[in-house]
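Read through the structure below, which is laid out as structure tokens, and then see the notes.
In the numbering used here, the protein residues as written are 39 to 176.
This is how it looks when you write it as structure tokens:
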């Protein structure tokens, strides 16, 4: 999976920069792409700005301002080319309704985001080990 795309959907560009720094620190060999909202993300998945290759993994902040994360996940799950995408929901807001809705859409995990660098490093180290030990369809 070296060189594969991961798409982060988050309204806060600083979260992308922090995640990029953690990826670099850990040595994660994926291309981290950024979408500021669900509309831009959908365009990157299906539109004229479509990523190639399509991401096998997505990190979505479903509770961020300006992002309809649940609707985006629903659209992904209905799309034949995207439905097998591993989706991790990352949020710093504890919203049980959104959490249940996301889990019902077969996400890979719901993670409460920490802004402590050491916790981010530990979290992404575990995910990197997981990502490197599973096989994705072509």
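Heads up, the beta-carbon is just placed ideally off N, CA and C, and yes, glycines get one too.
Other residues of its chain near residue i: CB distance less than 6 Å, five sequence neighbours each side excluded
i: residue 127; result: 98, 100, 140, 145, 148
i: residue 75; result: 104, 105
Span of the beta strand (DSSP E) around residue i
i: residue 73; result: 69-73
i: residue 65; result: Counting along the chain, residue 65 falls outside any beta strand (DSSP E), and DSSP gives it neither H nor E.
i: residue 147; result: 147-150
i: residue 124; result: 124-129
Contact check, residue i vs residue j, beta carbons under 9 Å
i: residue 114; j: residue 169; result: no
i: residue 143; j: residue 111; result: yes
i: residue 120; j: residue 165; result: no
i: residue 77; j: residue 163; result: no
i: residue 158; j: residue 50; result: no
i: residue 60; j: residue 155; result: yes
i: residue 136; j: residue 108; result: yes
Residue i classed as buried or exposed, judged by whether at least 16 other C-beta atoms fall within 10 angstroms
i: residue 129; result: buried
i: residue 172; result: exposed
i: residue 116; result: exposed
i: residue 138; result: exposed
i: residue 52; result: exposed
Same chain, Cβ closer than 7 Å to residue i, five either side skipped, listed in chain order
i: residue 151; result: 128, 129, 130
Segment limits, alpha helix (DSSP H) that includes residue i
i: residue 81; result: 76-84
Cut-off 8 Å between Cβ atoms - residues of its own chain near residue i, not counting five sequence neighbours on either side
i: residue 54; result: 46, 48, 70, 72
i: residue 83; result: 45, 89, 92, 93, 114, 117, 120
- Would you say the stretch 57-72 touches the stretch 40-49, given that touching needs at least three Cβ pairs under 8 Å? yes
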